[in-house]
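Engineer:
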Amino acid sequence: MKEPVNRPERGLRGALRRIRALIRKETWQLLRDPSSIAIGIVMPVALLILFGYGINLDVKNVPVAIVMEENSGEARGLASAFELSSYFSPKPAKTMAEAETMLLSSQVKAIVRIPSDFARKGATGSSEVQVVVNGSDTNTARLSLSYAEAAVGIWAAKEASRQGTAISKGVTIEPRLWFNEANDSSYFLVPGLVVLVMTLIGALLTALVMAREWERGTFEALFVTPVRSIEILLGKTVPYFMLGLAGLALCVVGSRFLFGVPLRGSLLVLTVVSMLYLLVALGLGLAISSITKSQFIASQLTVLVTFLPAMMLSGFMFDPRSMPLAVQIITYIFPGRYFVTLLQTLFLAGNIWSIILPNAAVLAGMAAALLALAVRMTRKRIA
Amino acid sequence: MLIASLLRIITLIRKELLVILKDPRSRASLIAPPILQCLIFGYAATYDLNTVPYALVDQDRTTMSRDLVAKLEGSGIFERVATLTQTGQAVRLLDTKQAVLIIVIEHDFERQLEAGASGTVQIVADGRNSNTSGIAQGYVNTIVRDFTSDWLSRNGSRDNAVRVTTRAWYNPQLETRWSMVPSLIGTITMLMTMMLTAMSVAREREEGTFDQLLVAPFTPTEIMIGKAVPSMIVGITQASAILLVALFWFRIPFSGSFLMLYLGLSLFLAAAIGFGLLLSSIAANMQQAMILCFVFLMPFMLLSGLMSPTDNMPEVLQYATMVNPLKYAINITRGVYLEGAGLNALLPDMLALVAIAAVTMPIAAWMFRHRLN
Chain V
5 MKEPVNRPER GLRGALRRIR ALIRKETWQL LRDPSSIAIG IVMPVALLIL
55 FGYGINLDVK NVPVAIVMEE NSGEARGLAS AFELSSYFSP KPAKTMAEAE
105 TMLLSSQVKA IVRIPSDFAR KGATGSSEVQ VVVNGSDTNT ARLSLSYAEA
155 AVGIWAAKEA SRQGTAISKG VTIEPRLWFN EANDSSYFLV PGLVVLVMTL
205 IGALLTALVM AREWERGTFE ALFVTPVRSI EILLGKTVPY FMLGLAGLAL
255 CVVGSRFLFG VPLRGSLLVL TVVSMLYLLV ALGLGLAISS ITKSQFIASQ
305 LTVLVTFLPA MMLSGFMFDP RSMPLAVQII TYIFPGRYFV TLLQTLFLAG
355 NIWSIILPNA AVLAGMAAAL LALAVRMTRK RIA
Chain F
249 MLIASLLRII TLIRKELLVI LKDPRSRASL IAPPILQCLI FGYAATYDLN
299 TVPYALVDQD RTTMSRDLVA KLEGSGIFER VATLTQTGQA VRLLDTKQAV
349 LIIVIEHDFE RQLEAGASGT VQIVADGRNS NTSGIAQGYV NTIVRDFTSD
399 WLSRNGSRDN AVRVTTRAWY NPQLETRWSM VPSLIGTITM LMTMMLTAMS
449 VAREREEGTF DQLLVAPFTP TEIMIGKAVP SMIVGITQAS AILLVALFWF
499 RIPFSGSFLM LYLGLSLFLA AAIGFGLLLS SIAANMQQAM ILCFVFLMPF
549 MLLSGLMSPT DNMPEVLQYA TMVNPLKYAI NITRGVYLEG AGLNALLPDM
599 LALVAIAAVT MPIAAWMFRH RLN
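Same order as they appear, the protein sequences are chains V and F.
Count the first sequence with the numbering used here and you get residues 5 to 387, in order.
Count the second sequence with the numbering used here and you get residues 249 to 621, in order.
Here's what the structure looks like:
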């Protein structure tokens, strides 16, 4: 091997030829492995369906025990207010003790107790209704409480206007939800999916593939060929880059035609910023694999520093505004934060350049830094 | 016979633990991530809003509208980022995410209220994250309702006179963290043990040592037990670490029995490891094992009740949740940790876990041998 028979072609043409050969080899390897199809096609589709249909943060038909300790018209009226509400599915309970047993055994998630002096106290304007919820599922509990309060409030207002005692109709709130008039949570979850799909393909798959090369020593074998390290990296990553873009296309098409999520920004800008994020993810995957050189540790580390932050700290499911300040600052370390902001804005709001430019700039900076790091680390190993 | 088999299993377990624990990086990757994840999830996974930046458009400019604004801002949650005269001016603030809400008090708010009609407050919310804006709107609703009933009672009306007293069992302040962190015990250990198990078999397959195991005098069942027990030990250790974080860092009061919790967790880990083994018996190499794990882990996490209740899901998906070990684990950990539930309440969940383990593990053992060709 000291005197290669074919001297490596110099110049751009030679580089391109070598890269093309590597890409072809890597693409074949990728296409032959069913697991890349699983992560590139099956995963995005499954996630689309799960997030679009499965995750519903709203609460409907909460099983609630209604304890009527008196049988007055008022009490019956209030109970029927709960029956008519689509938020509750009431189950009668004779006594509070019975209702508490139902709550304990999770047959119901809430109790509404109408006490025995409800109508009498109502005449003097001091009646009370007790609502007990099971707080072990906080989100459901909080929503049920506010729906119950609203149901009682609406009933009371109707009752007052029926009796003609109201001196005013009170304050009306007219809510309007911009960018998402239908108040559909799939509107913000489905675009956010792109971040998960790209992270899995870009970072996790790349980290695994590269770590395997290191683990098996096939990387070193490539190093003794005339291929330069930057060419190896390009050849290795281009197929995964394309797979990532395929995932993006699936998500965009799925969210548009399956869930009717609008794409109000331009498709071109979306593609460009997604490419930037994909480069960041690839850079992370490459860096992690060349640091760890072991598939097991690389996978653990990638999950910890790319996948989980993309899911938890990006604003995809949980709003960073709710987090403590220290955690809010941490969210800015991770690329997902910038990408989710871009995705939500591009899908639902439009081309708002004052959001797009700074966030895209951060992603571009991260991509450049990480890719430079990856190239450097690969080169260092040759020496 | 039994003793010989037991001895073989113990050798396998020892070897497996050595493989996992001898590399310091691999050791670190088993304990540090669960604790970090628990801390990050515990702080990040919350639907409570601490601050709501909003733009105020007070077209009324009366005592009453100012009272309402004072009440809003007195809550400590609403932070005014701009005071404007027209809604149009606020659009930019919403677009650029400087404000979550625009609150518009319409110009004859006070006059209408006093005339016996209704005063109107408009809320325009940023629907890019409809969950956040929904919660923020909920806060406005509550404050406006309080404001209205205060005003009405001051003016001698008795409508809205029904007082709703509320109480939340098991979690009096209704903190999201209280239901999130106990659920994480199951979620994080599943993430780690399923990957660990699947990867450990796949690694042996990739390195060719799995074939050696198969030709050695081990039965597939022994190999399976030898792979499952170390993962179980790791899983229980991780669960205990997370439990300690929940108890002493987040200080969430524990109201059940530790015995019940560990019983439930062991069954859950057996089921999760069963899945890991099953996936590893299908996968040809580590990459496939890892990806298969993810293809299963994602739905498990999403359909578990961790983020959204399973009862709200479409019927088809509810059937799918029945084979999801994490769903039962979350029922058990929340039940024991927060509600202090006993065996009676948890039996159905535990039996389901036993069933999952009893199906996945034998199939995996069978596949070990039959996948060869």
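Each residue gets a CB set at the ideal place from its N, CA and C atoms; glycine is no exception.
#1: Below 8 Å on C-beta distance, what does F:L565 contact in chain V?
#2: Tell me whether the stretch 307 to 320 of chain F and the stretch 337 to 348 of chain V touch, counting them as touching only if at least three CB pairs, one residue from each stretch, are closer than 8 Å.
#3: Can you find the residues in the same chain that come closer than 6 Å, C-beta to C-beta, to F:F357, ignoring five residues on each side of it along the sequence?
#4: What does DSSP give as the partner residue(s) for V:K113 in the beta ladder?
#5: Please tell me whether V:V199 and V:A314 are closer than 8 Å, where the distance is taken between their beta carbons.
#6: Residues of chain F with CB under 8 Å from V:G139, in chain order?
#7: Return helix, strand or coil for F:A487, following the three-state DSSP convention.
#8: Rounded to the nearest angstrom, what separates F:V388 and F:L266 at their Cα positions?
#9: Can you name the residues that DSSP bridges to F:D306?
#10: When you compare each of V:L352, V:D121, V:I359 to V:S76 by their alpha carbons, which one comes out closest?
#11: At a CB-CB cut-off below 7 Å, which residues of chain F make contact with V:R268?
#12: Check whether the Cβ atoms of V:A211 and V:T306 sit closer than 8 Å, and answer yes or no.
#13: Say whether the stretch 106 to 124 of chain V touches the stretch 132 to 148 of chain V, bearing in mind that this needs 3 or more beta-carbon pairs closer than 8 Å, one atom from each stretch.
#14: Do you know how far the Cα of F:D296 is from the Cα of V:W419?
#15: Under the three-state reduction of DSSP, which class applies to F:S366: helix, strand or coil?
#16: Assign F:M480 to buried or exposed, taking buried as 16 or more other Cβ atoms, counted over all protein chains shown, within 10 Å of its Cβ.
#17: Using 10 angstroms around the beta-carbon of F:I350, count the other beta-carbons present and answer buried if the total reaches 16, otherwise exposed.
#18: Hey, out of F:S514, F:Y585, F:Q535, whose CA is closest to F:M640's CA?
#19: For F:A532, which of F:R415, F:A446, F:S274, F:L495 has the nearest alpha-carbon?
#20: Which full runs of the alpha helix (DSSP H) of 4+ residues lie inside the stretch 329 to 354 of chain V, going along the chain?
#21: Less than 8 Å between the beta carbons of V:A114 and V:V66, yes or no?
#22: Straight-line CA distance for F:L400 to F:P282?
#23: State the Cα-Cα distance for the pair F:N377 and V:F192, rounded to the nearest angstrom.
#24: Considering only DSSP beta bridges, list what V:S93 is partnered with.
#25: Any idea if F:A600 is buried or exposed, counting beta-carbon neighbours within 10 angstroms, 16 or more meaning buried?
#26: Any beta carbon of chain V sitting closer than 8 Å to that of F:A292?
#27: In chain order, what residues of the same chain lie with their CB nearer than 6 Å to the CB of V:P119, ignoring the 5 residues before and after it?
#28: Within 10 Å of its beta-carbon, does V:G15 have 16 or more other beta-carbons around it, so buried, or fewer, so exposed?
#29: Taking Cβ positions only, does F:A373 come closer than 8 Å to chain V?
#30: For F:L491, tell me which candidate among F:I325, F:T581, F:W614 has the shortest Cα-Cα distance.
#31: Give the residues of chain V in contact with F:F502, contact being defined as C-beta atoms less than 9 Å apart.
#32: Which value, in whole angstroms, describes the spacing of the CA atoms of V:I334 and F:A589?
#33: Less than 8 Å between the beta carbons of V:M316 and F:F289, yes or no?
#34: Is it buried or exposed for V:Q348, if we count other Cβ within 10 angstroms and need 16 for buried?
#35: Any Cβ of chain V within less than 8 Å of the Cβ of F:M443?
#36: Kindly indicate if chain F contains any beta-carbon less than 8 Å away from that of V:R124.
Structural biologist: On the basis of the coordinates in this document:
#1: What F:L565 touches in chain V: L54, Y57, G58.
#2: Contact between the stretch 307 to 320 of chain F and the stretch 337 to 348 of chain V is not established, with fewer than three Cβ pairs separated by less than 8 Å.
#3: Hits under 6 Å: D308, S313, G367.
#4: Beta-bridge partners assigned by DSSP to V:K113: none are found.
#5: It is a contact, given that the beta carbons lie within the stated cut-off.
#6: A416, W417, Y418, N419, P420, L422, W426, S427, L586, listed in chain order.
#7: F:A487: helix per DSSP, three-state reduction.
#8: Distance between the alpha carbons of F:V388 and F:L266 is about 58 Å.
#9: Answer by DSSP bridge pairing, in chain order: F:I353.
#10: For the residues V:L352, V:D121, V:I359, the minimum Cα distance to V:S76 belongs to V:D121.
#11: Neighbours of V:R268 on chain F: none; closest Cβ ~11 Å, over 7 Å.
#12: V:A211 is a Cβ neighbour of V:T306, given a cutoff of 8 Å.
#13: Yes: the two stretches touch, three or more of their Cβ pairs being nearer than 8 Å.
#14: Because residue 419 of chain V is not part of the residues shown, which for chain V are 5 to 387, the question remains open.
#15: The three-state reading of DSSP puts F:S366 in strand, counting E and B together.
#16: Answer is buried; the Cβ neighbour count reaches 16.
#17: Classification for F:I350: buried.
#18: This structure cannot speak to residue 640 of chain F, because chain F is shown only from 249 to 621.
#19: Comparing C-alpha distances from F:A532 to each of F:R415, F:A446, F:S274, F:L495 shows the shortest one belongs to F:A446.
#20: List check, alpha helix (DSSP H) in window: 329 to 335, 339 to 348.
#21: Yes, the Cβ-Cβ distance between V:A114 and V:V66 is below 8 Å.
#22: If you draw a straight line from the Cα of F:L400 to the Cα of F:P282, it comes to about 53 Å.
#23: Each residue's alpha carbon lies about 6 Å from the other.
#24: Bridge partners of V:S93: V:P67.
#25: F:A600 should be labelled buried.
#26: Output row for F:A292: interface = yes.
#27: Cβ within range, chain order: E73.
#28: With fewer than 16 Cβ atoms within 10 Å of its Cβ, V:G15 is classed as exposed.
#29: Between F:A373 and chain V, the shortest Cβ-Cβ separation is below 8 Å.
#30: For the residues F:I325, F:T581, F:W614, the minimum Cα distance to F:L491 belongs to F:T581.
#31: Residues of chain V passing the Cβ test: none, with the nearest at roughly 13 Å.
#32: Between V:I334 and F:A589, the alpha-carbon positions lie close to 37 Å from each other.
#33: It is a contact, given that the beta carbons lie within the stated cut-off.
#34: By the C-beta density criterion, V:Q348 is buried, having at least 16 other C-beta atoms within 10 angstroms.
#35: Chain V contact via Cβ: present.
#36: Taking 8 Å as the threshold, the shortest C-beta distance from V:R124 to chain F does not fall below it.
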